[in-house]
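Accompanying notes for the structure given below.
Number of protein chains: 2
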Amino acid sequence: MTDPSPAAGKPIRTAIADEDGIDFAIIELFFFAYRDFTSDPDQILAEYGFGRAHHRVLHFVNRRPGLTVAELLDVLKITKQSLARVLKQLIDTDHIVQVQGPRDRRQRELYPTAKGRALALALARPQSRRIRAALEDSGATERVTIERFLEAMVNPELRAQIDIVPAQTSGKNHGDH
Amino acid sequence: MTDPSPAAGKPIRTAIADEDGIDFAIIELFFFAYRDFTSDPDQILAEYGFGRAHHRVLHFVNRRPGLTVAELLDVLKITKQSLARVLKQLIDTDHIVQVQGPRDRRQRELYPTAKGRALALALARPQSRRIRAALEDSGATERVTIERFLEAMVNPELRAQIDIVPAQTSGKNHGDH
DNA sequence: GGAATTATGTCAGTACTATTGACGTAATTT
DNA sequence: AAATTACGTCAATAGTACTGACATAATTCC
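Read top to bottom, the protein sequences are chains A and B.
Mapping the first sequence onto the working numbering, position 74 (from 1) lands on 250, and the numbers just tick up by one.
Mapping the second sequence onto the working numbering, position 87 (from 1) lands on 263, and the numbers just tick up by one.
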């Protein structure tokens, strides 16, 4: 069980290099960065018995209040069934409310409650703090550089969704490219 | 079921803004970017009946050939039980071989086979392509800026692990800080 | 040498997130 | 009136993770 079976291939003892010009450094960093990035809210969510799926729903309902279930499914790229349980829990715990669509009464517009808004903020706070610290640490004076890079990492056909994000109520906006 | 129950909070109709200076733009971009970043290898993995966990194991075994099971657990920050199934499958399919530790015979050093090396490369290729394209698209001439930012996003105590990555066989290395 | 510790493997049970497929209801569109 | 759309729900399944417990072999400590 310890030694490879006779048929098995021989062990390769050299580390994978930048063969074919593959950027292993950034691939790996992206993994570590995202894992730690999500670990902050995970701890808060656990107190509520929630998971990451709840976070994502809560985030987008706060970002685009009034979006419909179909729109939410499209943004999250998950199935109706996957959303169902999570959304139901958020509604039952009074973090999100459904309002019948004004034009189309089949639709359910999703809005955060004050409670849901507060939780979304609490979840985002440590993430934002981490980002700010990282920008300072790394000496990236240009926040925009990071923003553009991340946006360029997203599939082109999805970038439209991102730009849907409404103009902020604060004065800050960074153009609608 | 459509209208909120009487006890429920009222819907908040304004989008969450940069309240408290929270960087929602980058939070959201990070989510989209990582999702698309992982979607490329996911498709390849599906052909083998593998998932993301297999990818991560394969990646690190290729990056640090000869690491032990304990070291792998430490890097991935998962439990022995979570690793077990995935590692077993990779060994059974001849992507990874175990070699008894030379000094400590309790240890199992993990090495990729030629097959495992090839799969790791195939999985990394589209990811690296996406990164390169994103750097060009976003006009980020400084790859290092992105690298530093991502590294700064990682928990400080974990950065040591990242630096363990051995010097590449190619001439390229970026200091061993 | 014997005891404690370490490295690994395995078993049982559970949780969360996700999937596909099917079906039902109400509302809108054709 | 018929077809389509939006939503909700049921059943079954998969992948990844968890905790806790236990076994074996090898090493280290006293």
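Cβ coordinates follow ideal geometry from the N, Cα and C atoms, glycine included.
As the structure is a computational prediction, the values presented were derived from the model and not from experiment.
Coil, strand or helix - residue i by DSSP
{"i": "R319 of chain A", "result": "helix"}
{"i": "V275 of chain B", "result": "strand"}
{"i": "R284 of chain A", "result": "strand"}
{"i": "T244 of chain B", "result": "strand"}
{"i": "D216 of chain B", "result": "helix"}
{"i": "E191 of chain A", "result": "Rather than Glu, the amino acid found at residue 191 of chain A in this sequence is Ala. Three-state result, A191 of chain A: coil."}
{"i": "F226 of chain A", "result": "coil"}
{"i": "K256 of chain A", "result": "helix"}
{"i": "K291 of chain A", "result": "helix"}
{"i": "G185 of chain A", "result": "coil"}
{"i": "N331 of chain A", "result": "coil"}
{"i": "S304 of chain B", "result": "helix"}
{"i": "D250 of chain B", "result": "helix"}
{"i": "I267 of chain B", "result": "helix"}
{"i": "D313 of chain B", "result": "helix"}
{"i": "I198 of chain A", "result": "coil"}
Close-in-space but distant-in-sequence residues of the same chain around residue i (CB under 8 Å, 5 per side omitted)
{"i": "D139 of chain B", "result": "Absent from the model: residue 139 of chain B. The displayed extent of chain B is 177 to 353, so no value can be given."}
{"i": "R232 of chain A", "result": "L252"}
{"i": "D270 of chain B", "result": "T289, K291, G292"}
{"i": "A260 of chain B", "result": "none"}
{"i": "K256 of chain B", "result": "V245, L249"}
{"i": "D313 of chain A", "result": "none"}
Cut-off 7 Å between Cβ atoms - residues of its own chain near residue i, not counting five sequence neighbours on either side
{"i": "H235 of chain A", "result": "A296"}
{"i": "Q303 of chain B", "result": "F213, D216, P217"}
{"i": "G227 of chain A", "result": "L221"}
{"i": "V262 of chain A", "result": "A229, H230, V233"}
{"i": "V330 of chain B", "result": "I338"}
{"i": "F325 of chain A", "result": "none"}
{"i": "F206 of chain B", "result": "none"}
Contact set between residue i and chain B, taken where Cβ atoms lie within less than 9 Å
{"i": "A310 of chain A", "result": "R324, F325, L326, E327, A328, M329, V330"}
{"i": "R239 of chain A", "result": "A191, I192, F200, E204"}
Spatial neighbours of residue i in its chain, beta-carbon cut-off 6 Å, leaving aside the 5 residues before and after
{"i": "Q265 of chain A", "result": "none"}
{"i": "V237 of chain A", "result": "I272, L286, P288"}
{"i": "P187 of chain A", "result": "none"}
Partner residues on chain A for residue i, Cβ-Cβ distance less than 7 Å
{"i": "A209 of chain B", "result": "L326, M329, V330"}
{"i": "D123 of chain B", "result": "Outside the modelled stretch of chain B, which goes from 177 to 353, sits residue 123 of chain B, for which no answer is possible."}
Beta-carbon neighbours of residue i, restricted to chain A and to distances below 8 Å
{"i": "A213 of chain B", "result": "First, the residue type needs correcting, since residue 213 of chain B is Phe and not Ala in the sequence shown. Within 8 Å Cβ-Cβ: F206, M329."}
{"i": "L334 of chain B", "result": "F208, D212"}
Chain A residues whose Cβ lies nearer than 9 Å to that of residue i
{"i": "L227 of chain B", "result": "Before going further, note that residue 227 of chain B is Gly rather than Leu in the sequence given. Simply none; closest approach about 15 Å."}
{"i": "E223 of chain B", "result": "The premise fails here: E223 of chain B is roughly 19 Å from chain A at the closest Cβ pair, so nothing lies under 9 Å."}
Neighbour list for residue i in chain B, Cβ cutoff strictly below 7 Å
{"i": "R306 of chain A", "result": "M329"}
{"i": "Q303 of chain A", "result": "I203"}
{"i": "E195 of chain A", "result": "L297"}
Chain B residues whose Cβ lies nearer than 8 Å to that of residue i
{"i": "I338 of chain A", "result": "E204, L205, F208"}
Taking a Cβ distance cut-off of 8 Å, strictly less, list which residues of the stretch 315 to 328 of chain A are near chain B, in chain order.
Residues G315, A316, E318, R319, T321, I322, E323, R324, F325, L326, E327, A328.
Residues within the stretch 277 to 301 of chain B neighbouring chain A, beta-carbon criterion of under 9 Å
Contacts with chain A (Cβ-Cβ distance below 9 Å) from the stretch 277 to 301 of chain B involve R281, R284, E285, L286, Y287, P288, T289, A290, K291, G292, R293, A296, L297, A300, R301, listed in chain order.
Is it the case that the stretch 279 to 287 of chain B contacts the stretch 276 to 284 of chain A, given that we only count it when at least three CB pairs across the two stretches are under 8 Å?
These segments do not touch.
May I ask you to verify whether the stretch 196 to 213 of chain B touches the stretch 237 to 253 of chain B, counting CB pairs closer than 8 Å and requiring at least 3?
Touching, no, given that fewer than three Cβ pairs across the two stretches are closer than 8 Å.
Contact between the stretch 309 to 318 of chain A and the stretch 222 to 230 of chain A: three or more CB pairs below 8 Å?
No, the stretch 309 to 318 of chain A does not touch the stretch 222 to 230 of chain A.
Taking 8 Å as the cut-off, does the stretch 188 to 199 of chain A touch the stretch 184 to 197 of chain B (at least 3 CB pairs, one atom from each stretch)?
No contact exists between the stretch 184 to 197 of chain B and the stretch 188 to 199 of chain A.
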